[in-house]
Amino acid sequence: MNNIWNYQAVWETQYRPELGQYRTCGIQASRKMMRGWEPIELLHDVTVSNRFAEKIAKRFSLYQLSPLHLKDAVEDMLP
Numbered sequence: 107m108n109n110i111w112n113y114q115a116v117w118e119t120q121y122r123p124e125l126g127q128y129r130t131c132g133i134q135a136s137r138k139m140m141r142g143w144e145p146i147e148l149l150h151d152v153t154v155s156n157r158f159a160e161k162i163a164k165r166f167s168l169y170q171l172s173p174l175h176l177k178d179a180v181e182d183m184l185p
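So the number in the numbering used here is just where the residue sits in the sequence shown, counting from 1, plus 106.
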């Protein structure tokens, strides 16, 4: 199978007045190009669980989820 999409969990620092500063994971989608992987989409503040973010990123890469469906797929996987 020729993979064209790759997903990664990305640590970020966010700030909200009601919460203050906190660490969270986003999900980044990249597309395979001739010179390597080019980031094309980043969904911020998905979860504070690195384990959960890594799990869904791995699954999205395995099944080659189109980035067009990234937001909906993440929402469907949230508890």
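For glycine and all other residues, C-beta sits at the position ideal for the given N, C-alpha and C.
message: Let me check understanding here. Comparing Cα to Cα, which of Tyr169, Leu148, Leu168, Pro185 lies closest to Lys177?
response: When C-alpha distances from Lys177 are compared across Tyr169, Leu148, Leu168, Pro185, the shortest belongs to Leu148.
- prompt: Hey, quick one: how far does the alpha helix (DSSP H) through Val154 stretch, first residue to last?
  reply: For Val154, no alpha helix (DSSP H) encloses it, and the DSSP letter there is neither H nor E.
message: Using C-beta distances below 6 Å, list every residue in its chain close to Ser167, excluding the 5 sequence neighbours before and after it, in chain order.
response: For Ser167, the CB contacts under 6 Å within the same chain, skipping 5 residues up- and downstream, are Asn112, Tyr113 in chain order.
query: Got a sec? Which residues, its chain only, sit under 7 Å from Glu144 by beta carbon, not counting five neighbours each side?
result: Excluding sequence neighbours, Glu144 sits near Ser136, Arg137.
- request: Consult DSSP for Arg122 and reduce its assignment to one of helix, strand or coil.
  value: Residue state for Arg122 is assigned as strand, using DSSP reduced to three classes.
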